[in-house]
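Residue numbers (the UniProt record's numbering): 1 to 431. A virtual CB, placed ideally from N, CA and C, is assigned to each residue, including glycine. Model, not experiment: these values are computed from the prediction. What follows is a set of notes on a single structure, which appears directly below.
In structure tokens:
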């Protein structure tokens, strides 16, 4: 169905007007690997450019980069959009494994019906550690630490989507600040898109973060499973929603641990940039919406509870998500996890507007609708990883319970069991 929309915003560097535009449901962006995308056509220079980076190509990073990359190949033909450039930033060893000394490489999303979306890349020189999409120089995969890694045409990123693991987010931003600061604009938005409540800069390391960068909370209900590097099987892509919001100043008020008062608050132009990101994501087929800070905290906790009820249980059962809803015993565990988590959320003054039974129903519904999906925690354990995101999920509930004197025995047991699995793998790696 066609949609008609009008939006106008003013940027510090001028005015960007989004005229009335009619858009199809991104049918040109979704298709098999043989789908053809129209070649870009030249546009007037006064149309704004918009540069997005994706840090990390796990399941979520690959989904967002592929969708944005496919949109970027046609953005110059769509007058309602800014001219889009997209960079994926990955480790050198990941880049080397991906290209395997070849001159071509691919990025793929595999849908439930086995339909695929594909981006094809060419590597001009392996020494540069940069792969450029075929016939689209504005879509690149760059190895951090490679000899190139410069922004498109010398222009820096407006937005960086941080899609690394929750426990790596602060370190990733610090590394960018220290080694790759030139890739981002001074007032760039850094959007944190991880499971759980994640981590944000603390008193101890705040001087190592460029406080001109604006930290933005993000949560996505889009799911996927990594089949191999740069190839992801999606789940809930069409129905899953993504939300962004300015990160609140005080950690105690948000439920996010360690947020320091000195972090720069969002400015008016950052709201403009955030809305532009939302519009680009929607055009790429990723449902997205801007929330207020309080709404975002409720959304983060809602997803936290769902993840804390599914990931540890499915990991201990060594089974896909459907296992969490498939037996009376597993459903009973879900009830106990939710009961404890809700009590902690209420003490944290998080307004979920959901009863315990409604939250349990939400968990079971997600477990069923993503039934074939292997959760990220189980995927990490199967790969032999000695660290999962359990601290950002169950660990937050247990820590909150201790702060408020609320017993969380079920979550504490799940935390210890997953920690035991992590330690077992760490011992194996040390042998």
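Practice item. Would you check if the region 101-112 and the region 48-56 touch, i.e. whether three or more CB-CB distances between them fall below 8 Å? Key: no
Check your understanding: Which of helix, strand or coil does DSSP assign to residue 358?
Key -> For the purposes of this step, residue 358 is identified with residue 358 of the chain shown, where counting begins at 1. Residue 358: helix per DSSP, three-state reduction.
Point to revise | Local Cβ density within 10 Å of residue 405, reported as buried at 16 or more and exposed below that | key: Here the question's residue 405 lines up with position 405 in the chain shown. Its Cβ having fewer than 16 others within 10 Å, residue 405 is exposed.
**Study point:** Start and end residues, beta strand (DSSP E) containing residue 117
**Key:** For the purposes of this step, residue 117 is taken as the residue at position 117 of the chain shown. Here the beta strand (DSSP E) through residue 117 covers 116-122.
Check your understanding: Does DSSP classify residue 385 as helix, strand or coil?
Key -> On the chain shown, position 385 is the one that residue 385 refers to. Here residue 385 sits in coil by DSSP.
Practice item. With a 10 Å radius around its C-beta and 16 neighbouring C-beta atoms as the bar for buried, classify residue 424 as buried or exposed. Key: Counted from its first residue, the chain shown places residue 424 at position 424. Classification for residue 424: exposed.
Exercise for review: Check whether the Cβ atoms of residue 340 and residue 401 sit closer than 8 Å, and answer yes or no.
Suggested key: Taking the first residue of the chain shown as 1, we reach residue 340 at position 340. Taking the first residue of the chain shown as 1, we reach residue 401 at position 401. In this structure, residue 401 lies closer than 8 Å to residue 340 by Cβ.
Point to revise | N- and C-terminal bounds of the beta strand (DSSP E) containing residue 90 | key: As a position in the chain shown, residue 90 is number 90, starting the count at 1. Residue 90 -> beta strand (DSSP E) spans 83-91.
**Study point:** Those runs of the alpha helix (DSSP H) which lie wholly inside the region 392-418 and span at least 4 residues
**Key:** 394-404
Point to revise | Unbroken beta strand (DSSP E) run spanning residue 337, endpoints | key: In the chain shown, the residue the question calls residue 337 occupies position 337. Where residue 337 is concerned, there is no enclosing beta strand (DSSP E), although the alpha helix (DSSP H) it sits in stretches over 328-347.
**Study point:** Contact under 8 Å by Cβ, residue 300 with residue 219
**Key:** The residue you call residue 300 lines up with position 300 of the chain shown. The residue you call residue 219 lines up with position 219 of the chain shown. Yes, the Cβ-Cβ distance between residue 300 and residue 219 is below 8 Å.
Check your understanding: How about residue 303 and residue 221: are their beta carbons less than 8 Å apart?
Key -> If you number the chain shown from 1, residue 303 lands on position 303. If you number the chain shown from 1, residue 221 lands on position 221. For residue 303 and residue 221, yes; Cβs fall inside 8 Å.
Check your understanding: On the three-state DSSP scale, how would you describe residue 263?
Key -> Position 263 of the chain shown, counted from the start, is the residue given in the question as residue 263. Its pLDDT being 41, under 50, residue 263 is placed unreliably by the model, and nothing is read from it.
Practice item. Can you grab the Cα-Cα spacing for the pair residue 191 / residue 145, in whole Å? Key: Here residue 191 is taken as the residue at index 191 of the chain shown, counted from 1. Here residue 145 is taken as the residue at index 145 of the chain shown, counted from 1. Going by the C-alpha atoms only, they are around 22 Å apart.
Point to revise | residue 138, DSSP secondary structure in three states | key: Walking along the chain shown from the start, residue 138 turns up at place 138. Looking at residue 138 - three-state DSSP - the assignment turns out to be strand.
Practice item. Identify the continuous alpha helix (DSSP H) that holds residue 69 and give its terminal residues. Key: Sequence index remark: in the chain shown, residue 69 carries index 69 (1-based). Segment 59-72, the alpha helix (DSSP H) holding residue 69.
Check your understanding: Near residue 126, which residues of its chain fall below 7 Å by C-beta distance, leaving aside the five closest residues on each side in sequence?
Key -> Start at 1 with the first residue of the chain shown, and residue 126 comes out as number 126. Excluding positions up to five away in sequence, the list reads 99 and 101.
**Study point:** Limits of the alpha helix (DSSP H) - the one that residue 174 falls within
**Key:** Along the chain shown, read from residue 1 onward, the residue named residue 174 stands at position 174. Residue 174 -> alpha helix (DSSP H) spans 169-179.
Practice item. Please check the pair residue 376 and residue 389, which I expect to be a contact at CB under 8 Å, by giving their CB distance rounded to whole angstroms. Key: Indexing the chain shown from 1 puts residue 376 at position 376. Indexing the chain shown from 1 puts residue 389 at position 389. Contact flag correct, Cβ pair sits at about 7 Å.
Check your understanding: residue 75 and residue 84 look like a contact to me (Cβ under 8 Å); what is the Cβ gap, rounded to whole Å?
Key -> As a first step, residue 75 is located in the chain shown; it is residue number 75 there, counting from the start. As a first step, residue 84 is located in the chain shown; it is residue number 84 there, counting from the start. That belief holds up - the Cβ atoms of residue 75 and residue 84 are roughly 4 Å apart, short of 8 Å.
**Study point:** Spatial distance of residue 418 from residue 309 (CA atoms)
**Key:** What you label residue 418 is simply residue 418 of the chain shown in a count that begins at 1. What you label residue 309 is simply residue 309 of the chain shown in a count that begins at 1. Looking at the two C-alpha atoms, the distance is approximately 13 Å.
Check your understanding: Alpha carbon to alpha carbon, what distance is there between residue 378 and residue 426?
Key -> For the purposes of this step, residue 426 is taken as the residue at position 426 of the chain shown. For the purposes of this step, residue 378 is taken as the residue at position 378 of the chain shown. Rounded to the nearest angstrom, the two C-alpha atoms are 16 Å apart.
Practice item. Could you check which residue in 363, 226 and 338 has the C-alpha nearest to that of residue 56? Key: Taking the first residue of the chain shown as 1, we reach residue 56 at position 56. Checked all of 363, 226 and 338; the closest Cα to residue 56 is 226.
**Study point:** DSSP state of residue 286 mapped onto helix, strand, coil
**Key:** Position 286 of the chain shown, counting from 1, holds the residue named residue 286. Looking at residue 286 - three-state DSSP - the assignment turns out to be coil, as it is neither helix nor strand.
Check your understanding: According to DSSP, is residue 371 helix, strand or coil?
Key -> Here residue 371 is taken as the residue at index 371 of the chain shown, counted from 1. Three-state DSSP puts residue 371 in coil, outside helix and strand.
Exercise for review: Quickly, what does DSSP pair residue 437 with across the bridge? List them, please.
Suggested key: Because the chain here runs from 1 to 431, residue 437 falls outside it and cannot be looked at.
Practice item. Inspect the beta-carbon positions of residue 121 and residue 106 and report whether they are closer than 8 Å. Key: Your numbering for residue 121 matches position 121 in the chain shown. Your numbering for residue 106 matches position 106 in the chain shown. In contact: residue 121 and residue 106 (Cβ atoms closer than 8 Å).
Exercise for review: Within its chain, find whatever has a CB closer than 8 Å to the CB of residue 156; leave out the 5 residues flanking it on each side and keep chain order.
Suggested key: Residue numbering aside, residue 156 sits at position 156 when the chain shown is read from its first letter. Here the set comprises 51, 182, 183, 184, 185 and 188.
Check your understanding: When we look at the beta-carbon of residue 261 and count the other beta-carbons within 10 Å, is it buried (16 or more) or exposed?
Key -> Residue mapping note: residue 261 aligns to position 261 of the chain shown, counting from 1. Annotation note: pLDDT 37 at residue 261 (below 50); position unreliable, coordinate value reported separately. Classification for residue 261: exposed.
Check your understanding: Within this structure, are the beta carbons of residue 438 and residue 368 separated by less than 8 Å?
Key -> In the structure displayed, the chain extends from 1 to 431; residue 438 sits before or after that span and is not available.
Check your understanding: Taking the Cβ atom as the reference point for each residue, do residue 66 and residue 115 lie within a distance shorter than 8 Å?
Key -> Within the chain shown, the letter at position 66 stands for residue 66. Within the chain shown, the letter at position 115 stands for residue 115. Taking 8 Å as the Cβ cut-off, residue 66 and residue 115 do not qualify as a contacting pair.
Point to revise | residue 294 to residue 345 span [Cα, whole Å] | key: Indexing the chain shown from 1 puts residue 294 at position 294. Indexing the chain shown from 1 puts residue 345 at position 345. Cα to Cα, the separation comes out at about 13 Å.
Review point. Is the beta carbon of residue 224 less than 8 Å from the beta carbon of residue 59?
Key: Indexing the chain shown from 1 puts residue 224 at position 224. Indexing the chain shown from 1 puts residue 59 at position 59. Yes. Within cutoff.
Review point. In or out: residue 79 buried (at least 16 other Cβ within 10 Å) or exposed?
Key: Counting from one through the chain shown, the residue named residue 79 turns up at place 79. By the neighbour-count rule (16 or more Cβ atoms within 10 Å), residue 79 is not buried but exposed.
Practice item. Using a Cβ cut-off of 8 Å (strictly closer), state whether residue 385 contacts chain D. Key: Absent here is chain D; the protein component of the structure consists of one chain.
Check your understanding: If you run the structure through DSSP and keep just helix, strand and coil, what is residue 215?
Key -> Here the question's residue 215 lines up with position 215 in the chain shown. Reduced to three states, the DSSP call for residue 215 is strand.
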